[in-house]
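Asker: Have a look at this one.
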Ligand code: 13P
Ligand code: ZN
């Protein structure tokens, strides 16, 4: 069977990056069973032949009307598919979808009729928001990072920017490489439109948002960069926990050291 990736090296490169990140998520223990999902906007790689491809699924509703997605194409992890499998076989554990002209439904066009992730409403609402704002971001990653999720089981870390400031102060690079911090979204039902709407609101101020007691959702130019933002935040959480396990509350960088970092790295906050 031929794959949509054949003779499309630029598209294959992006999908292979998704596979590489899926492997990292599994290795980190953030992707139990089918946990987590990734979508990427691949519209820029679409050629005439792809536009003419005959759907291999019926027309399915997105659950929301997303006007900026007209004519867009996405690679999506399949629902119930495992990251550890996707790492090796991205086109058997994910598929390419085309958004229909009504902007409220989609069809699968390749390689196999793998049903996209149950978090599709959140992912597509976010891509719609990113396009509307003229953002260069093309990737969205949802994953279950252990230590960051653990923090959301305490009310104190759910207060605005408490977790952000704590995580930034653990090691200078965290603020440099996750400069907008970690937004917090109070618990909502997984895969709900409510969760999608809350996610878009929070992404106005953050690139990475936490779904309380569930996982994080990150956006960036490509899947590798979205992963890196989550990775630096979780590294800080690990440093915090390591210090606590040694029996003390870590000091954190001082406000003066944080300020110096922000100026030196031209950071927004
Ligand atoms: P999917 O298998 O449908 O992608 O769901 C995984 C998940 O993490 C839901 O939040
Ligand atoms: Zn999840």
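Numbering (our numbering), first residue to last: 115 to 383. All residues carry an ideal CB built from backbone N, CA and C; glycine is no exception.
Do residue 304 and the ligand ZN come close, with the Cβ less than 7 Å from some heavy atom?
Answerer: Answer for residue 304: yes, Cβ within range of the ligand ZN.
Asker: According to DSSP, is residue 187 helix, strand or coil?
Answerer: Strand, per DSSP.
Asker: I want to see whether chain B comes within less than 8 Å of residue 249, judged by CB atoms only; does it?
Answerer: Here there is only one protein chain, and chain B is not present.
Asker: Answer yes or no: do residue 343 and residue 291 have a C-beta to C-beta separation smaller than 8 Å?
Answerer: Result yes, Cβ atoms of residue 343 and residue 291 sit closer than 8 Å.
Asker: For residue 324, which beta-bridge partners are listed by DSSP?
Answerer: Paired residue(s): 298 and 330.
Asker: Between the Cα of residue 210 and those of 225, 252 and 216, spot the shortest distance and give me the residue it belongs to.
Answerer: Taking only the C-alpha atoms, the option nearest residue 210 is 225.
Asker: Given a threshold of 16 other Cβ atoms within 10 Å of its Cβ, counted over all protein chains shown, does residue 368 qualify as buried or as exposed?
Answerer: With fewer than 16 Cβ atoms within 10 Å of its Cβ, residue 368 is classed as exposed.
Asker: Which value, in whole angstroms, describes the spacing of the CA atoms of residue 254 and residue 318?
Answerer: Cα to Cα, the separation comes out at about 14 Å.
Asker: At which residues does the alpha helix (DSSP H) containing residue 350 begin and terminate?
Answerer: Where residue 350 is concerned, the enclosing alpha helix (DSSP H) stretches over 337-359.
Asker: Given residue 222, which residues of its chain have a CB within under 6 Å of its CB, disregarding the five upstream and five downstream residues?
Answerer: Counting only Cβ-Cβ distances below 6 Å, and skipping sequence neighbours, we find 170, 171, 209 and 211.
Asker: If we count the other Cβ atoms within 10 Å of its Cβ and call it buried at 16 or more, is residue 163 buried or exposed?
Answerer: Its Cβ having fewer than 16 others within 10 Å, residue 163 is exposed.
Asker: Which runs of the alpha helix (DSSP H) spanning at least 4 residues fall entirely within the segment 149-230, listed in chain order?
Answerer: Taking only runs of at least 4 residues, the alpha helix (DSSP H) segments lying wholly in the segment 149-230 are 162-165 and 197-200.
Asker: Comparing alpha-carbon positions, which option in 293, 299, 240 and 365 lies nearest residue 377?
Answerer: Among 293, 299, 240 and 365, the Cα nearest to that of residue 377 belongs to 293.
Asker: Pick out whichever of 242, 166 and 302 has its Cα sitting closest to the Cα of residue 333.
Answerer: Answer by Cα proximity: 242.
Asker: Compute the Euclidean distance between the alpha carbons of residue 227 and residue 193, then round it to the nearest angstrom.
Answerer: Rounded to the nearest angstrom, the two C-alpha atoms are 11 Å apart.
Asker: Check whether the Cβ of residue 206 sits closer than 7 Å to any heavy atom of the ligand 13P, and report yes or no.
Answerer: Every heavy atom of the ligand 13P is 7 Å or more from the Cβ of residue 206, so no.
Asker: For residue 238, does the count of other Cβ atoms within 10 angstroms reach 16, so buried, or fall short, so exposed?
Answerer: So residue 238 ends up on the buried side.
Asker: Name the residue from 362, 118, 251 and 286 whose alpha carbon lies nearest to the alpha carbon of residue 168.
Answerer: Ranking the options by Cα distance to residue 168, first place goes to 118.
Asker: Does the Cβ of residue 192 lie closer than 7 Å to at least one heavy atom of the ligand ZN?
Answerer: Incorrect: residue 192 has no Cβ contact closer than 7 Å to the ligand ZN.
Asker: If the criterion is Cβ atoms closer than 8 Å, does the pair residue 331 and residue 256 meet it?
Answerer: Yes, Cβ-Cβ distance for residue 331 and residue 256 is below 8 Å.
Asker: So for residue 237, helix, strand or coil by DSSP?
Answerer: Three-state result, residue 237: helix.
Asker: In angstroms, rounded to a whole number, what distance separates the CA positions of residue 176 and residue 304?
Answerer: So the two alpha carbons sit approximately 15 Å from each other.
Asker: Since residue 318 is in the beta strand (DSSP E), which residue starts that stretch and which ends it?
Answerer: Where residue 318 is concerned, there is no enclosing beta strand (DSSP E), given that its DSSP letter is neither H nor E.
Asker: Taking the beta strand (DSSP E) that residue 145 belongs to, which residues open and close that run?
Answerer: Run containing residue 145: none; DSSP gives neither H nor E here.
Asker: Report, in whole angstroms, the separation of the C-beta atoms of residue 315 and residue 308, which I expect to be a contact under 8 Å.
Answerer: So it is not a contact: roughly 11 Å between Cβ atoms.
Asker: Which residues mark the beginning and the end of the alpha helix (DSSP H) in which residue 376 is found?
Answerer: Per DSSP, residue 376 belongs to the alpha helix (DSSP H) from 369-378.
Asker: State the Cα-Cα distance for the pair residue 189 and residue 274, rounded to the nearest angstrom.
Answerer: So the alpha carbons of these two residues sit roughly 33 Å apart.
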